[in-house]
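Student:
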Amino acid sequence: MRLGVAMPAALAALTGGGFAWYSHTAGMTSNAFGWVLVAALFVVGWRPRLGVWLLIGLWVFAGVQREWTSRLPAGLSGEDVVVEASVLTAQPAGGATRLLLAVDHCQAPAQRPSCSALAHVRITAYGDNRFQPGEQWRMTLRLRPPSGFANPGTFDYEQWLWREGIHATGYLRQDPPPVRLSSSGPSLRQLGLDFLDQQAFDERTKRWLAALTLGDSEQLTQDDWSLLNATGTTHLVVISGLHVGLVASFVLMLAKLGARLTTPTNWRMRTWPWWLAAIACVSYATLAGMAPPAMRAMVMTLIGLWVLSGRHAPGPWQAWWLAIALVLIVDPMALWRPGMWLSFLAVAWLIIIWQGRRRPQGIKGWCWALVRSQLLLAPLMAAAVLVAFGRVAPAAPLINLVAVPWVSSVMVPTALLGWLLAPFPLLGGAFWWLFEASLSVFHLLLTVSVQRWPLWEPDRLLTMPLALALLMMSLSWGLPSVLPGLRLASTLLVLALPFGRFRRLAFVAR
């Protein structure tokens, strides 16, 4: 694969998403979609490769436009609508249940706009009804279009609803009462969650097991998220490339061992271990619910396996562009998710700082590679998080030096081995007991760190200067042949700026 294939595909996808956003904000009609489709079909017959790029852009354009057209019409705000919907998630919230529904059919009141395009709604259900993921219900809902506060420097709830594909919010009406149309079918993930609930571990252990291994991060409490945000370790908990990559690597290692035992003369030439690792990667992401982070991790891990296999594989930058294209084709709304850009920014920087260097040798070499990667990555990611969210986790660089190997080498393996050996309660329980102990150490590390270095939020006027200083520091230390004086100056600038006006965000560990 040449760069001329992967890069244009990614740029076409980015252009399609950007044009969809512009067409909506500029008030353009949907006729633009038809004209672009006609042009794409014409170009396919004239220049097939260029036509393929247009079709990729058109696909992403259509995916983003679909999210706009699926929103609840303003004329139905505050009105009761009758829906038939499947329960995607059901999370207790105090005395209520928070539901995410996939709408199959929606009936609006007479003389009101149609709601047939409605796809996903987020509601609060009060009462005694018990909802399970996978069930189908007929219910009456009072909905409103996605909305929320968007004050500068605060969480933009409306934007979050839009990029998560939620087209209305509201609550369940009890008159008439909801009717269950069908029970939930067999779900391996739900069976796993039910199995966890029956285990004799404390609630913290069970919810972290659910988040780390089954992708059910909604079970984490607000205190858990506050602690993770304050220490810059959120990426270690949501299903990401770390978790999917560990599963694929473990299966690949076992498969290669099997190939070496069965065909000792030419085991290196066998391709089935790589295919088995790819199947494990897809299976684990599916088990985790194929949420956007899991899907993104799956795509990047599959491409990583291809690169490492060396079989007609693309180079690092070709793979990077290809991953962007595939992620946007599968999930056009990823274009507006900060997590996607933080992930690809981190991978791009790792490619830059390691390209042309020798492969680490031995335990000492790999340990130094981990330390070097984390120290060079920390200021760049701090700058990106500062621009995206307006906050800085001062403890993140040092914590991640310990937390990344601890989570990847201890917590995730013991959690996954506990599941693997679940049919043998004594063995599975032993590994989960080790996970519980390692979680206590991890939680203590984060709590002590955040009490010493709490989350900081700079004044808005200081945000961009500090982000630029962090970027300069990262570039000066990561790029070769940079003058030592420039490296020292950029470091001193970063150390000096925090003496400006900062607001310390208090965190109370419970």
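By the numbering used here, the letter at position 259 of the sequence shown is numbered 567, and the numbering carries on one by one without gaps. Glycine residues also receive a C-beta, built at the ideal position from the N, C-alpha and C atoms.
1. With a 10 Å radius around its C-beta and 16 neighbouring C-beta atoms as the bar for buried, classify T529 as buried or exposed.
2. Between K672, L544, P316, G664, which has its C-alpha nearest L362's C-alpha?
3. According to DSSP, C414 sits in a beta bridge with which residue or residues?
4. Do you know how far the Cα of Y465 is from the Cα of H413?
5. Assign I547 to one of three DSSP states: helix, strand, or coil.
6. DSSP three-state label for Y479, please.
7. Going by DSSP in three states, M598 sits in which element: helix, strand or coil?
8. Looking only at its own chain, which residues have a Cβ that is under 8 Å from the Cβ of G566, when we skip the five neighbours before and after it?
9. My output table needs one value for E443: the three-state DSSP class, helix, strand or coil.
10. Between which two residues does the alpha helix (DSSP H) holding V758 run?
11. Which partner residues of Q399 appear in the DSSP bridge assignment?
12. So, is G371 buried or exposed, given that buried needs 16 or more other C-beta atoms within 10 angstroms?
13. Please identify the residue among L636, G664, W649 whose C-alpha is closest to the C-alpha of P688.
14. By how many angstroms is the C-alpha of V635 removed from the C-alpha of L451?
15. Among the candidates A723, V368, G365, P713, whose CA atom is the shortest distance from the CA of T541?
16. Taking 7 Å as the limit between beta carbons, can you name the residues of its chain near F509, skipping five residues before and five after?
17. Return the CA-CA distance between A817 and G326, expressed in angstroms with no decimal places.
18. Alpha carbons only, please: which of S455, D483, T397 is nearest the one belonging to Q444?
19. Quick check on the DSSP output: the alpha helix (DSSP H) that includes R497 runs from which residue to which?
20. Secondary structure at R430, three-state DSSP: helix, strand or coil?
21. Using DSSP bridges, identify the partner residues of L449.
22. State the beta-bridge partners of S490 as determined by DSSP.
23. Roughly how far, in whole angstroms, is the beta-carbon of S784 from the beta-carbon of L794, given that I think they are within contact range, below 8 Å?
24. To the nearest angstrom, how far is the alpha carbon of G402 from that of M719?
25. Are the segment 467-487 and the segment 510-524 in contact at 8 Å, needing three or more beta carbon pairs?
26. For V790, which three-state DSSP category applies?
27. To which residues of the same chain is S525 closer than 6 Å at the C-beta, ignoring the five residues directly before and after it?
28. Would you kindly work out how many angstroms separate the C-alpha atoms of V368 and L630, rounded to a whole number?
29. Assuming G365 contacts T323 (C-beta within less than 8 Å), just tell me the rounded distance between them.
30. Rounded to a whole number of angstroms, what is the C-alpha to C-alpha distance between P766 and N708?
31. Compare the C-alpha of R446 against each of L408, P421, A642, S394 and name the closest.
32. Is it the case that the Cβ atoms of H428 and A410 are separated by a distance below 7 Å?
33. Is the beta carbon of G442 less than 7 Å from the beta carbon of S492?
34. Taking the C-alpha atoms as reference points, what is the distance between L319 and A425?
35. Assign Y330 to one of two classes, buried (16 or more other C-beta atoms within 10 Å of its C-beta) or exposed (fewer than that).
Tutor: Per the coordinate set shown:
1. On the sequence shown, position 221 is the one that residue 529 refers to. So T529 counts as exposed.
2. On the sequence shown, residue 362 is found 54 positions in, with the first residue counted as 1. Minimum Cα distance to L362 is reached at P316.
3. If you number the sequence shown from 1, residue 414 lands on position 106. V391.
4. Here residue 413 is taken as the residue at index 105 of the sequence shown, counted from 1. Here residue 465 is taken as the residue at index 157 of the sequence shown, counted from 1. So the two alpha carbons sit approximately 26 Å from each other.
5. By 1-based counting over the sequence shown, the position of residue 547 is 239. In this structure, I547 counts as coil in the three-state DSSP scheme.
6. The sequence position of residue 479 within the sequence shown is 171, counting from 1. Strand, per DSSP.
7. To locate residue 598, count along the sequence shown from 1; it is residue 290. It is coil, neither helix nor strand.
8. As a position in the sequence shown, residue 566 is number 258, starting the count at 1. These residues qualify, in order along the chain: P581.
9. Stepping through the sequence shown from its first residue, residue 443 is reached at position 135. Coil at E443, not helix or strand.
10. Locating residue 758 in the sequence shown gives position 450, where the first residue counts as 1. Element bounds for V758: 733-760.
11. Locating residue 399 in the sequence shown gives position 91, counting from the first residue. Q399 pairs with R406.
12. To locate residue 371, count along the sequence shown from 1; it is residue 63. G371 should be labelled buried.
13. Translated into positions along the sequence shown, residue 688 becomes position 380. Looking at the sequence itself, residue 688 is Leu, so the reference to Pro does not match. Among L636, G664, W649, the Cα nearest to that of L688 belongs to W649.
14. Position 143 of the sequence shown holds residue 451. Position 327 of the sequence shown holds residue 635. Going from the Cα of L451 to the Cα of V635 covers about 31 Å.
15. What you label residue 541 is simply residue 233 of the sequence shown in a count that begins at 1. Checking every option, the nearest Cα to that of T541 belongs to P713.
16. To locate residue 509, count along the sequence shown from 1; it is residue 201. W740, E744.
17. Indexing the sequence shown from 1 puts residue 817 at position 509. Indexing the sequence shown from 1 puts residue 326 at position 18. In this predicted model, A817 has a pLDDT of only 43, less than 50, meaning its place in the structure is not dependable; the value taken from the coordinates is given anyway. Distance between the alpha carbons of A817 and G326: 41 Å.
18. Here residue 444 refers to the residue found at position 136 when the sequence shown is read from its first residue. It is T397.
19. Position 189 of the sequence shown, counting from 1, holds the residue named residue 497. Element bounds for R497: 496-505.
20. Position 122 of the sequence shown, counted from the first residue, corresponds to residue 430. Note: R430 maps to strand in three-state DSSP.
21. Counting from one through the sequence shown, the residue named residue 449 turns up at place 141. Note: L449 sits in a beta bridge opposite V389, L480.
22. For the purposes of this step, residue 490 is taken as residue 182 along the sequence shown, with counting starting at 1. According to DSSP, which records beta bridges pairwise, S490 is partnered with Q444.
23. Locating residue 784 in the sequence shown gives position 476, counting from the first residue. Locating residue 794 in the sequence shown gives position 486, counting from the first residue. The pair is a contact, with the Cβ atoms about 5 Å apart (cut-off 8 Å).
24. Counted from its first residue, the sequence shown places residue 402 at position 94. Counted from its first residue, the sequence shown places residue 719 at position 411. Cα to Cα, the separation comes out at about 30 Å.
25. no
26. Translated into positions along the sequence shown, residue 790 becomes position 482. If DSSP states are grouped into helix, strand and coil, V790 belongs with coil.
27. Start at 1 with the first residue of the sequence shown, and residue 525 comes out as number 217. Cβ within range, chain order: A519, V546.
28. Stepping through the sequence shown from its first residue, residue 368 is reached at position 60. Stepping through the sequence shown from its first residue, residue 630 is reached at position 322. Approximately 15 Å between the Cα atoms of the pair.
29. Counted from its first residue, the sequence shown places residue 365 at position 57. Counted from its first residue, the sequence shown places residue 323 at position 15. With 8 Å as the limit, G365 and T323 qualify as a contact, their Cβ atoms being about 5 Å apart.
30. As a working mapping, residue 766 is identified with position 458 in the sequence shown. As a working mapping, residue 708 is identified with position 400 in the sequence shown. P766 and N708: Cα-Cα distance of roughly 22 Å.
31. In the sequence shown, the residue the question calls residue 446 occupies position 138. When each option's Cα is compared against that of R446, the closest is S394.
32. Looking up residue 428 in the sequence shown gives position 120. Looking up residue 410 in the sequence shown gives position 102. Yes.
33. Locating residue 442 in the sequence shown gives position 134, where the first residue counts as 1. Locating residue 492 in the sequence shown gives position 184, where the first residue counts as 1. It is a contact, given that the beta carbons lie within the stated cut-off.
34. The residue you call residue 319 lines up with position 11 of the sequence shown. The residue you call residue 425 lines up with position 117 of the sequence shown. Each residue's alpha carbon lies about 29 Å from the other.
35. Here the question's residue 330 lines up with position 22 in the sequence shown. The residue in question, Y330, is exposed, as its Cβ has fewer than 16 Cβ neighbours within 10 Å.
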